[in-house]
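Trainee:
Residue numbers (the numbering used here), protein chains in the order written: chain A, -12 to 347; chain B, -12 to 347.
1. Is the beta carbon of residue 14 of chain B less than 8 Å from the beta carbon of residue 114 of chain B?
2. Do you know offhand how far residue 279 of chain B's Cα is from residue 295 of chain A's?
3. Determine the direct distance from the alpha carbon of residue -9 of chain A to that of residue 58 of chain A, and round the result to whole angstroms.
4. Could you name each continuous beta strand (DSSP E) segment of 3 residues or more that falls completely within the region 8 to 54 of chain A, going from the start of the chain to the end?
5. Could you tell me if residue 87 of chain A is buried or exposed, where buried requires 16 or more neighbouring beta carbons within 10 angstroms of its beta carbon?
6. At least one CB of chain A closer than 8 Å to the CB of residue 55 of chain B: is that the case?
7. Can we count residue 132 of chain A as close to the ligand ZN, meaning its CB is less than 7 Å from some heavy atom?
8. Which one or two residues does DSSP pair with residue 62 of chain A in a beta bridge?
9. Residue 159 of chain B CB to nearest chain A CB: under 8 Å?
10. Using a beta-carbon distance cut-off of less than 8 Å, what residues from the region 96 to 118 of chain B approach chain A?
11. With DSSP as the reference, please indicate the residues paired to residue 92 of chain A in a beta bridge.
12. Taking the straight line between their C-alpha atoms, what separation do you get for residue 55 of chain B and residue 23 of chain B?
13. Report the rounded CA-to-CA distance for residue 330 of chain B versus residue 98 of chain B, giving the unit in angstroms.
14. Apply the 10 Å Cβ neighbour rule to residue 347 of chain A and answer buried if 16 or more other Cβ atoms are within range, or exposed otherwise.
15. Does the region 309 to 326 of chain B come within contact of the region 185 to 205 of chain B, defined as at least 3 CB pairs closer than 8 Å?
16. Taking 7 Å as the limit between beta carbons, can you name the residues of its chain near residue 349 of chain A, skipping five residues before and five after?
17. For residue 27 of chain B and residue 207 of chain A, I'd like the C-alpha separation in whole angstroms.
18. Using the three-state DSSP reduction, which class does residue 420 of chain A fall into: helix, strand or coil?
19. Check whether the Cβ atoms of residue 247 of chain B and residue 308 of chain B sit closer than 8 Å, and answer yes or no.
20. Is the beta carbon of residue 156 of chain A less than 8 Å from the beta carbon of residue 177 of chain A?
21. So with CB distances below 7 Å, who are the chain B contacts of residue 278 of chain A?
22. According to DSSP, is residue 177 of chain A helix, strand or coil?
23. Just checking my contact of residue 312 of chain A with residue 219 of chain A at CB under 8 Å: how many whole Å lie between their CB atoms?
24. Does DSSP put residue 276 of chain B in a helix, in a strand, or in coil?
25. Whole angstroms is fine: what's the gap from residue 139 of chain B's alpha carbon to residue 147 of chain A's?
26. Between which two residues does the beta strand (DSSP E) holding residue 207 of chain A run?
27. Select from A/255, A/209, A/179 the residue whose C-alpha is nearest the C-alpha of residue 221 of chain A.
28. Going by DSSP, what residue range makes up the alpha helix (DSSP H) through residue 221 of chain B?
29. Whole beta strand (DSSP E) runs in the region 238 to 296 of chain A with 3 or more residues, listed along the chain?
30. Please check the pair residue 335 of chain A and residue 169 of chain A, which I expect to be a contact at CB under 8 Å, by giving their CB distance rounded to whole angstroms.
31. Alpha carbon to alpha carbon, how far is residue 3 of chain A from residue 119 of chain A?
32. Roughly how many angstroms lie between the CA atoms of residue 42 of chain A and residue -7 of chain A, to the nearest whole one?
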């Protein structure tokens, strides 16, 4: 990651540290480690002080860390993480108290307590707060992830034919994502017919029948950044009921998207979608209307009923209302949206959207 | 999961609870939740007492939990997990102290402390210890995972041709795994040429050249259980040096496998592989010789230099020595092995193994 971007991030993190009177933060949550250092590997921690960002990794990743983290001091540890921190701690001038991220496990925290001589405390949401608004390099990465997902679904459509199983179709979509040089941002959901009424359905052996509807919820992860899209299709002519549900969900999504702009209240966006459905005889969904994403697939802000707070320019969020009728059908439509000063930019506009496919 | 199997597991867990004087264990680690309850979904905790196993889940998973966990009391929570535990706690007779798994985050532990009136403490490796030796239903699942991985690689071989990228080849292998109704047990590693010298290489845009060697490290996850295989191939005629390295690694693996039986010392198996390589002019690998696996891809026992302990019948382990020459090549061969009273059973014997492919 470019030195200028990383320097700007480090300044933003340090502003949070100053605000919370933290002189040294041990960063253990993988997405936060990536954010603070640029490192895309695993099993590594970061230590952020007012003078330096350290990456604590091991020999498997030293080469990768040197390439990805030109702004960091890279420390190759051979033993446990807690010992590497203990060796580093005395060298950190003017650090009396070390703060550890609250997402750290009790086991790791206790090991640190035993190994490190300094006073330890915990704190939550330091780096998460700086991650709320994306910087330019992050927006570029999210746009790439969205465009790869869009392209991958386009290349999978011809594969949606009666007889294909949910598991096979999810595998073909994932293959297209890999072919485009990316990974999954989460395990792809493919649900046929009534299976789509379960928002977290796991793709199984069920084979597509001509009259089934199809729900696909998936995302690509590129250079560490996610995208998140849901689309619904039919191979046969859609039933009037499916068509009605699809139209209502589309209208609910459009109503919410229209409200997006810097300063918009999260609850107002959520209710725009919910109220569109509430006006019909269809059931209102139980999940949130959308969520932020970036290095992780679910990040703040969360758009839900009664949610507090406002949108800021530079946030990227999903809008994903749905209608679920157990035993019958499920329809959800989800797009990725960049919040701007004056409105919004839909990053997944090009993703195939028409419910009827021509492969019957 | 079948009631009899679950009852046996619950007895084994309770023997550990008695040993450590624990009357109630909050299980938060996902693999441990699956082990104690049979549940294969996410975002759920288990509570194990001497009378009952509770699964704390939410409405997204209630239907799945009812199907997968006939022996559990299923509690559908609407609010935070800590509150669900707080509501349950007073109903647990004779429970004065609640023990929480040490892998729990500090944030979750603090929330529990605030919400629950009982005394809280933490403990490590209670359920991990019972997971060390696999029961019959687990061995059946591991065998299925091994045979799916074996089949998937067989179906991917014809795809290994000059011009294919690492990322694309990994995607095709993952697709075959999905087509067989399984998932990945970890992100597939495909490394061409010198990339194979990095044991944790991430598949990239590099395209296969005729003279490149190929390393593939992958596994299938079926009904929650993993397999883990590494194979090396060439499309062109292997160079004499590659052939030499391949033969040495194969011999090292065979030497370690030969030592496997109930009662064998972990260190003795590790050194059998390491010494075979040390006798040559090739460098000895820095990683372990193998590891247990099951619900997770890396479990105890860990076979490494100086490792303490012995194998037990019913454990499943990998044996995976390698030779890595940075900038030049990497060869690792990994199989999955069931430890028996009198010896071993190789579960991945049928997986394609010859270095030369016929697709040049």
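Using N, Cα and C, we set each Cβ at its ideal position, and we do this for glycine too. Values in this document were obtained by computation on a predicted structure and should not be read as measured data.
Mentor: Considering the structure as presented:
1. Yes, the Cβ-Cβ distance between residue 14 of chain B and residue 114 of chain B is below 8 Å.
2. A direct Cα-Cα distance of roughly 46 Å separates residue 279 of chain B from residue 295 of chain A.
3. Spanning the two alpha carbons is a distance of roughly 9 Å.
4. Counting only runs of 3 or more, we get 11 to 14, 32 to 36, 40 to 44.
5. That one is buried.
6. So, not an interface residue.
7. The ligand content of the structure shown is nil, which means the ligand ZN is not present either.
8. For residue 62 of chain A, the beta-bridge partners assigned by DSSP are A/43.
9. With 8 Å as the cut-off, residue 159 of chain B counts as an interface residue toward chain A.
10. Within the region 96 to 118 of chain B, contact with chain A at the beta-carbon level (separation under 8 Å) is assigned to 96, 97, 109, 111.
11. Per DSSP, B/92.
12. Cα to Cα, residue 55 of chain B sits roughly 12 Å from residue 23 of chain B.
13. Computed Cα separation, rounded: 48 Å.
14. For residue 347 of chain A, the predicted model reports a pLDDT of 45, less than 50, meaning its position is unreliable; a value from the coordinates is still stated below. Label assigned to residue 347 of chain A: exposed.
15. Output reads yes: the region 185 to 205 of chain B touches the region 309 to 326 of chain B.
16. Not covered by the structure: residue 349 of chain A. The range shown for chain A is -12 to 347.
17. Rounded to the nearest angstrom, the two C-alpha atoms are 24 Å apart.
18. Residue coverage of chain A in this structure runs from -12 to 347, which leaves residue 420 of chain A outside it and unanswerable.
19. Contact check for residue 247 of chain B against residue 308 of chain B fails: the beta carbons are separated by 8 Å or more.
20. Contact flag set, yes.
21. What residue 278 of chain A touches in chain B: nothing, since even the nearest Cβ is about 15 Å away.
22. Strand.
23. Incorrect: roughly 13 Å between the Cβ atoms, too far for contact.
24. Here DSSP, grouped into helix, strand and coil, assigns residue 276 of chain B to coil.
25. Taking the straight line joining both Cα atoms gives about 21 Å.
26. 207 to 209 is the extent of the beta strand (DSSP E) around residue 207 of chain A.
27. For residue 221 of chain A, the closest alpha carbon among the candidates A/255, A/209, A/179 is that of A/179.
28. Annotation for residue 221 of chain B: no alpha helix (DSSP H) segment contains it, though the beta strand (DSSP E) segment containing it runs 216 to 221.
29. Segments of the beta strand (DSSP E) lying fully in the region 238 to 296 of chain A: 277 to 279, 286 to 290.
30. Their Cβ separation, rounded to whole angstroms, is 14 Å, which puts residue 335 of chain A and residue 169 of chain A out of contact at 8 Å.
31. Approximately 13 Å, taken between the alpha carbons.
32. Answer to the nearest angstrom: the Cα atoms are 13 Å apart.
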